[in-house]
Every structure is written in structure tokens, then in C-alpha cells.
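Structure record follows, encoded as C-alpha cells.
Protein chains: 2
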Amino acid sequence: MKKETTSLKKLAQELNLSVSTISRALNDHPDISDSTKTKVQKLAAKLNYVPNIFAKGFRQHKTNIIGVIVPNITHYFTSTILKGILEEASLKGYRVIISESNNDAVKQTEMLKTMLQFNVDGILMSISKVTRQVDDILRIIDNVPLILFDKASNKIPCSQVVINEEESAYNAIEHLINIGKKRIAIIKENEYSYNSERRYAGYLRALKEHNIPIDEKIIISVDDISLRQGKRMTNLLLSIKNKPDAIFAITDSAAIGVIQTLKKFNIKIPEEIAIIGFSNSINSTIIEPMLTTIDQPGERMGATAVKYMIEEIENPNDIGNKTIELKGNLIIRDSTFKAS
Amino acid sequence: MKKETTSLKKLAQELNLSVSTISRALNDHPDISDSTKTKVQKLAAKLNYVPNIFAKGFRQHKTNIIGVIVPNITHYFTSTILKGILEEASLKGYRVIISESNNDAVKQTEMLKTMLQFNVDGILMSISKVTRQVDDILRIIDNVPLILFDKASNKIPCSQVVINEEESAYNAIEHLINIGKKRIAIIKENEYSYNSERRYAGYLRALKEHNIPIDEKIIISVDDISLRQGKRMTNLLLSIKNKPDAIFAITDSAAIGVIQTLKKFNIKIPEEIAIIGFSNSINSTIIEPMLTTIDQPGERMGATAVKYMIEEIENPNDIGNKTIELKGNLIIRDSTFKAS
DNA sequence: TATTTGTACGCAAACGTTTGCGGTAACGTT
DNA sequence: AACGTTACCGCAAACGTTTGCGTACAAATA
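Here is the structure:
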């Protein structure tokens, strides 16, 4: 447990130079001659000098730390985004602090505050669907760059990196229409969920543009979508007189719940009812029949979020306010299309 | 982008007190009268004072940051551990920096070094299975407390938090024996994988204690276990003359690959061949038949790792060197036991 | 030769916090 | 009244780094 940290002072003493010269030599300052630069850098390497990040961050109000807040790290798609974030950040010399909001609004703002305490250079956030008011979040923007990803909000003026959810959902529904489905149900979340609302918008537009009537009875909203909710809502959908011939579940896990209960009732998939999910989670290839779904480029989303973040960190004057849309990719599998 | 940070100095000026008094008042120092304490604390709350962690950490060589290194954040079980770590850490006032080693030994030691640069108070690590030499890791221990979790090593003298993998595997094999299986294959990883070796040890002990001969031909090792490898090795196992009547796959995803190829060959599960996995991943309940497996308490593992870490941080004299074993839990499902 | 320019380096302040030490006043004790 | 004790509080240093400014010397210019 020894702490034999080599500081600038130690290097200075060793070389009979001043601390400032050492500092400048290591930072490649033009005022320093090449000969001393190399001399200093060699000794620094030899003595395994590592700058004290805290002194540095303390001095120049820069920490090279990016804060990340996500609702649930356990969620597979989220974890792929995080992978992209970690990768890109470490490539650019940044560290990442991750916090979970657990879909708890109070905890979320608390997280934001402690992030500020830690003087993070920027905050990447996927806002919880339980977020009702954005005042606390808006206050953050005054202090530090903020970029939203995956779960965004038009109430917050900042850059956002998202999937083209509306269009992807549109493509999914159009695919269902193309295979002859005419009565397409949707299982979605309530209106506070960004992802759900965007996908729902794509659903509505696809139906309208293909002149398919919209029936409120097969538009199902739940507060907390899940596999279990997928099961329950399928039971509900099967109980109405005019059953759907396709179900778009806003989420892969819900779609899997749908498949499981349809199988329980021996309903043929996709002939009687086709199913489509969203996310291309691992499970979607394990369930039988394999689930048609939309693949989301998680790692790429994380990486681009970090890129734009560093952009904003290094140019603090122009705060970005653009929305970057990454394309989702429809993956057709057995739950909508049976290879003959 | 305004930085109107309220510092101790500002509070001091406002109240006509010295900076030291403010500092002590906020830290509940006995030298300060109750009246000024409340006065200071009220103003601090009103002016939304947040201590500059970098000044603090800089001053007292304590960062309240715990570094975490995992092979792959995307791995479900790993993400549950991380959830536990984040939870417990934030409860105790610590922040967490996460890095991925991506099963790359060079990157792993690099991560360790940058963690040290950031002056983390301690490092939690799940060592990559590609780790061949532990010299770099041993050097870390001199500087900062280290605790290993999930993937451990007896070559590193530090506290370790693991699952009772050997015993859990033993229980799994015993369960197979109890349902009448006599020729039990195992699909495992090479000898550098901690988890694999422990589970293999349990496998061997169970067979020995039940007087079942050990046959090298049905002991299969692969370098990088996965669903695909599960499939390929099942093909291999089915090609030998004396087929196994049960397969223990070291991993749920491999076990799922086993199930999928057995189904392809119309082999009855569990009557002809029973299957058992390890981890109780989400997938294990989605595959049909549902997979018998061992549930690992991921969140609890993360939380206890953090607890012991904080223990070591706050008592730097007694470096821990104990191994904490958390109990895995055999979950019996259809892949080994058909309810009649 | 006198003046300017440029090069290479040092001095010292500053960042916000903690903390050992010293000091003052009020109080209690003989 | 003199002394010791206690309760509060301020001074100033320290942590390691960066950086504006000053300065010494050499080279270039007039």
C-alpha cells in the first residue's frame, strides 16, 4: 500500500529545473527547447510519472469524465449502447461514470446532481419514461453539455441520438400489410414513453397511408411493458369478437409473451396471427417461431453520442441541438414469414 | 454555460465567517457552535452549495470512486452484477467507473493503469479468461485495494466474491443422476477459465462420489463457449457410438445451442437426453423445453463485493484475503424433468 | 555600439478544500 | 482577583498542476 507517486516537483528536483518547465515540457509547450523536452519526457517515462488527474481537473475544471445515466443497465439493448460508449470514450481518452435511474424520477435528478458534483465534462442520458417534468434536467444544461440518446424528448433543447423509430415501425407495419394482414393490433406503452409514442406514430401512419381503418379496440396501452404484459394483453386481444390477424408489440419481450400465449391456444403463427417485435434482442432468435423484429445499432448509437459529446465539450460555445437518427433494420423471421 | 459555483469562500463572505469555520460547520466538527452550524447549513442549502469533489479528492487523496473492470458488459449475468455494484455504491456515497476488457489481456492491464491514474479508491475486477500471467495485476495490489468477483484466481492474494460453482455443478450433476442418467457429458471451456474449471471439478466429484465412470470422450472443451459452439459440440457428441443421456453445458447459451440441435434431430428432451445449463439467463425460460439451470445471485454478488471493498478502503491496514462464496440455486425445469 | 527581437526558463499565484495550531473571550474555580 | 478551563473561531499551509508574467541571455537589427 505504498504511494510513491512521482510528481512534477520530483521531476524538477531531479533535473534541476522548475516545476513550470517540467509541466510545459510534458505538454509540448513551444517555449521549451527540444533538448529539455526529450530529457524531461525520458525521465517521466522512467519514473513512471502519471499526472494527478484530480489536481489537473481541479485546476482546469476539466475531468475527462463523461457521466451516463440509463434507466436499467440490465436491459440488453442498453448494455450494447453502453458498450459503444465505453469503447469510443476510452479511445478518445475519456472515462465513463454510469448511473442507473431505475425508472425513478427522483433518483434520476439526484443522479444528475451528483454527476455535477463530480464535475463531469458532459452527461449522456437516456431519460426515464417516468419523467413528467423536465425542469431539473433543463437546469443541468446551464452547467454542462447534455446529450440524450435512445429515449429523447422534444422538450429539452439539446442534441439527441436516436433510432428512426417512427420510420422503422412504419416499415414493420408495411411488411405486415405486404404479407396480407389487414387487422393489425399494437401493444404499446403509455404516452410518456418516447419509444412507444414514436413507434405508435409509425404504426398510425402506415395504416393511414395504406387506407386501413384504425380501431381503438386493438390499440392496447400498458404502463410497464414486459413479457408478462405481453401475455396478458394477448389474452385480452383474443377475447374480443373481431380478432386481429397481426400483433405489433413495441418490445421484443412483449412479443415473446404474445407468441407464448398464442402457442398455448394453438394459434398458427404467422398464418392466423403474425407477430413483430422491436429491438432484435437475443431472445428473439430463441423463441419459436423466431421473431421478426427491428435491429437497433446499439454500439453505434453509443459511439456517436460520445462523438457529439466530445465535440460539445471541446467547443463549449456552440451548444448542439440537432437530432441524429440512426437507421433501424427490419429483420424478417418466421413469426411473420414462413419460408416454404 | 454559466459556472456560478458556490464555494466555501462565498459562503464565508456572506456570513462574515472564515472559510475554515464554514468547512467545519458543514462537516459537523465539534468546535463549531450549533447556532452557526445551522446558519451555515441553511445558507449552503439555499445557495445550492455542492462541494468540489476534485478539490476534496485532491486534498485528501480520496476520490470516492470505485473502478470496475469486466470482460463484457453486454453479458447478462455481468450486467446484473453491475446493477448490484451501482446500487450499493451509490448507497454508500461512491461513484463507479466501468471499463470493459473485452477479453483482451493487454487492454485489461491498460485499464488497470488508467484506473490508477484516476486515483480510484479501489478496483473491482472480473478477470478475463485470457489472463495468462498475473504480474501486472499483482503490481496493482501494492497501490490500491483489489477485489475479484465472479471470475477469480488463486494466484492473486486478495478478497474474492464468487459463486459456489463447484458445489452448484455438483448439485446439478447429482440431479441428473437422481433422474436416472448415467452417461453425462459436459461441454466446458479450456483450463484458463475459472468458472469452467470450478464447474468441471464439481462434475468430476459428483461422478466419482456416485461411482459413475468418467469418459474423456464425452468431456468436451472449447476455447470460446457460445450458443454456436453448443450446437457444434452437440453434433460431435451425437456422432460418437455411445451417446450420452445427459449434457451439462457450462453455460446457458451453450445449453440452448444443445437443445436446438437435439430438437433438430428429434431427440426427446429430457427422456433421451437431458440438458442442464448454468446462469439462469432470461433465455433459459424462453427456449422450449425450458432449461434447467443454476441461478446465480448477480446483484447480491455485486453488492457484497462493494461492501467488502469499502471495508478495505476504510481500513487500509488489514488487506482482506478471504473468499466469499454465494450460493447458486438449482432451478429445475423441463429440460431435465417433465411434469406428468 | 545601442536597441530590438526571440528563445528558454523561473516565479508565484490560483483552483477549493481540509486541518494543525494559535488565539480570544467567557465562564468557572480557588 | 488570579488562574485554568472551555467553547468558538481564524490564520495559513498544504495538496499538484497550470499559466500569466517577468527575466536573463543570446542573436539579430539598426
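Quick mapping for you: the protein sequence lines, in order, are chains W and U. The numbering of the first sequence is full-length UniProt numbering, which starts it at 1 and goes up by one. The numbering of the second sequence is full-length UniProt numbering, which starts it at 1 and goes up by one. Heads up, the beta-carbon is just placed ideally off N, CA and C, and yes, glycines get one too.
Quick one: using the 10 Å Cβ neighbour count with 16 as the cut-off for buried, is residue i buried or exposed?
| i | result |
| --- | --- |
| Gly93 (chain U) | exposed |
| Pro71 (chain U) | buried |
| Leu237 (chain W) | buried |
| Gln229 (chain W) | buried |
| Gly277 (chain W) | buried |
| Ser128 (chain U) | buried |
| Tyr200 (chain U) | buried |
| Gln60 (chain W) | exposed |
| Gln296 (chain W) | buried |
| Leu91 (chain W) | exposed |
| Val96 (chain W) | buried |
| Val306 (chain W) | buried |
| Tyr194 (chain U) | buried |
| Tyr192 (chain W) | exposed |
| Asp150 (chain W) | buried |
| Ile240 (chain W) | exposed |
| Ile214 (chain U) | exposed |
| His29 (chain U) | exposed |
| Arg139 (chain U) | exposed |
Closest Cβ-Cβ distance between residue i and chain W: below 7 Å?
| i | result |
| --- | --- |
| Gly57 (chain U) | yes |
| Thr109 (chain U) | no |
| Leu86 (chain U) | yes |
| Lys2 (chain U) | Only weak support is given to the placement of Lys2 (chain U): the predicted model assigns it a pLDDT of 43, under 50, and the value that follows is read from those uncertain coordinates. True, the Cβ-Cβ gap to chain W drops below 7 Å. |
| Asn283 (chain U) | yes |
| Thr304 (chain U) | no |
| Thr36 (chain U) | no |
| Ile292 (chain U) | Rather than Ile, the amino acid found at residue 292 (chain U) in this sequence is Thr. Chain W, which has no Cβ nearer than 7 Å to the Cβ of Thr292 (chain U), makes this no. |
Between residue i and chain U, is the shortest Cβ-Cβ distance under 7 Å, so that the two count as touching?
| i | result |
| --- | --- |
| Ile81 (chain W) | no |
| Val50 (chain W) | yes |
| Thr5 (chain W) | no |
| Ile73 (chain W) | yes |
| Ile267 (chain W) | no |
| Arg232 (chain W) | no |
Strictly below 7 Å CB to CB, what residues from chain U border residue i?
| i | result |
| --- | --- |
| Arg95 (chain W) | Ile97, Phe118 |
| Ser126 (chain W) | Going along chain U, no residue has its Cβ under 7 Å from Ser126 (chain W), so there is no contact; the nearest lies around 15 Å. |
Would the beta-carbon of residue i fall within 7 Å of that of residue j?
| i | j | result |
| --- | --- | --- |
| Ala185 (chain U) | Pro145 (chain U) | no |
| Ser335 (chain U) | Ile269 (chain U) | yes |
| Ile85 (chain W) | Gly302 (chain W) | yes |
| Ala274 (chain U) | Lys181 (chain U) | yes |
| Ser281 (chain W) | Asp252 (chain W) | yes |
| Met111 (chain U) | Ile123 (chain U) | no |
| Asp121 (chain U) | Thr63 (chain U) | yes |
| Ile247 (chain U) | Ile286 (chain W) | no |
| Thr258 (chain W) | Thr293 (chain W) | Reading off the sequence, residue 258 (chain W) comes out as Val, not Thr. Going by C-beta atoms, Val258 (chain W) is not nearer than 7 Å to Thr293 (chain W). |
| residue 341 (chain U) | Leu82 (chain W) | Because chain U here runs from 1 to 340, residue 341 (chain U) falls outside it and cannot be looked at. |
| Gln117 (chain W) | Val50 (chain U) | yes |
| Phe58 (chain W) | Phe54 (chain U) | yes |
Taking C-beta pairs closer than 9 Å, name the residues in chain U that residue i reaches, listed in chain order.
| i | result |
| --- | --- |
| residue 367 (chain W) | Residue 367 (chain W) is absent from the model: chain W starts at 1 and stops at 340. |
| Ser335 (chain W) | Per Cβ cutoff of 9 Å: no residues; Ser335 (chain W) is ~13 Å from chain U at best. |
| Ser196 (chain W) | What Ser196 (chain W) touches in chain U: nothing, since even the nearest Cβ is about 21 Å away. |
| Ser23 (chain W) | The premise fails here: Ser23 (chain W) is roughly 16 Å from chain U at the closest Cβ pair, so nothing lies under 9 Å. |
Given that residue i touches chain U, what residues does it touch there, using C-beta distances under 8 Å?
| i | result |
| --- | --- |
| His54 (chain W) | Residue identity differs from the one stated: residue 54 (chain W) is Phe in this sequence, not His. The answer, in chain order, is Phe54, Gly57, Phe58, Thr63, Asn119. |
| Ile137 (chain W) | Chain U residues near Ile137 (chain W): none, gap ~16 Å exceeds 8 Å. |
Given that residue i touches chain W, what residues does it touch there, using C-beta distances under 7 Å?
| i | result |
| --- | --- |
| Glu100 (chain U) | Lys83, Leu86 |
| Ile256 (chain U) | Ile286 |
How many whole angstroms separate the CB atoms of residue i and residue j, which I take to be in contact at a CB cut-off of 8 Å?
| i | j | result |
| --- | --- | --- |
| Gln133 (chain U) | Ile69 (chain U) | Actually they do not touch by this definition, with Cβ atoms about 16 Å apart. |
| Tyr308 (chain W) | Ser159 (chain W) | 5 Å |
| Asn321 (chain W) | Pro157 (chain W) | 5 Å |
| Leu17 (chain W) | Ala44 (chain W) | That belief does not hold up - the Cβ atoms of Leu17 (chain W) and Ala44 (chain W) are roughly 12 Å apart, past 8 Å. |
| Glu288 (chain U) | Glu165 (chain W) | About 31 Å separates the two Cβ atoms, so there is no contact after all. |
| Tyr170 (chain U) | Arg198 (chain U) | Actually they do not touch by this definition, with Cβ atoms about 10 Å apart. |
Which chain W residues sit within Cβ distance under 8 Å of residue i?
| i | result |
| --- | --- |
| Glu288 (chain U) | Glu288 |
Using only the heavy atoms of the ligand ADP, determine whether one of them is closer than 6 Å to the beta carbon of residue i.
| i | result |
| --- | --- |
| Phe278 (chain W) | Absence of the ligand ADP from the depicted structure is noted, as is the absence of any ligand whatsoever, leaving it without description. |
In chain W, what lies closer than 9 Å to residue i by C-beta?
| i | result |
| --- | --- |
| Ser279 (chain U) | What Ser279 (chain U) touches in chain W: nothing, since even the nearest Cβ is about 13 Å away. |
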